[in-house]
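First up is the structure itself, then whatever we jot down about it.
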Amino acid sequence: MITRSLASVYDMVNRFINYKPPFPGDTGSPSGADAFLDFIEGALPPWLHDSIFPNVAFTCDAALRNSFGGLLVAFSLISRPAMFDTYLAASPALEYTSSGCNQTSNMPALMITRGRANYFRPLGMTEHCHDLFDLVKASRKVSDVVLNEYAGQDHAGVAASAITEGIDYFVDW
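Here the sequence shown is numbered in our numbering, starting from 1479 and rising by one per residue.
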């Protein structure tokens, strides 16, 4: 199920569905993360290559998303480690993953970013980002993992820094 979340960033119900991974025992809103990743992995690349970049040969790719998209990036890293070469989770909404990110598998590189001036502090954004970093680092199944924290930036503002830093990380890695 892919919902129309692209129509409005404020359509929180559909954003929950599209970006939310399936969690064991979760009886809340449905998960559409696997369907969304199927679309990203299957239908999107041929369209991009044929319609937007017909004369470009890509040799590597990266996933960069913020907030709920960062949660989807973390889920895709765990569930489909070969999908991208580099994963960039900017201020990921990991408070929704109380049991969902407790798996490890063969994973490539991961960059996690978060703002220190975070209005999600009561939800444990700092602790969740550090927990994800520790989990991935301890798995010894990544070639590299970094956690960048930006003083003075909040959950939304860190996205711009994550893009510029993420491009450097992707190119230099």
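Cβ coordinates follow ideal geometry from the N, Cα and C atoms, glycine included.
Opening and closing residue of the alpha helix (DSSP H) in which M1603 lies
M1603 -> alpha helix (DSSP H) spans 1603 to 1617.
Among I1645, L1515, D1646, which has the Cα closest to the Cα of P1561?
A quick correction: the sequence has Met, not Pro, at residue 1561. Of I1645, L1515, D1646, the smallest CA-CA separation from M1561 is found for L1515.
Extent of the continuous beta strand (DSSP E) to which A1511 belongs
In the DSSP assignment, A1511 falls outside any beta strand (DSSP E) and lies within the alpha helix (DSSP H) extending over 1511 to 1520.
Are the region 1550 to 1567 and the region 1521 to 1534 touching by the rule of at least three beta carbon pairs closer than 8 Å?
These segments do not touch.
Give the straight-line distance between the Cα atoms of F1648 and G1503, rounded to the nearest whole angstrom.
Distance between the alpha carbons of F1648 and G1503: 35 Å.
Compare the beta carbon distance of S1509 and S1545 with 8 Å and say whether it is the shorter of the two.
Going by C-beta atoms, S1509 is not nearer than 8 Å to S1545.
Got a sec, what are the start and stop residues for the alpha helix (DSSP H) I1590 sits in?
No alpha helix (DSSP H) contains I1590, which is instead part of the beta strand (DSSP E) from 1587 to 1593.
Would you say P1586 touches the ligand ADP, meaning its beta carbon is less than 7 Å from a heavy atom?
Although the ligand ADP was asked about, the structure shown includes no ligands whatsoever.
Closest by CA to L1588, which one among A1521, L1625, R1558?
The option with the nearest alpha carbon to L1588 is L1625.
In the DSSP assignment, what residue or residues form a beta bridge with Y1565?
For Y1565, which the question treats as bridged, DSSP gives the partners A1541, L1588.
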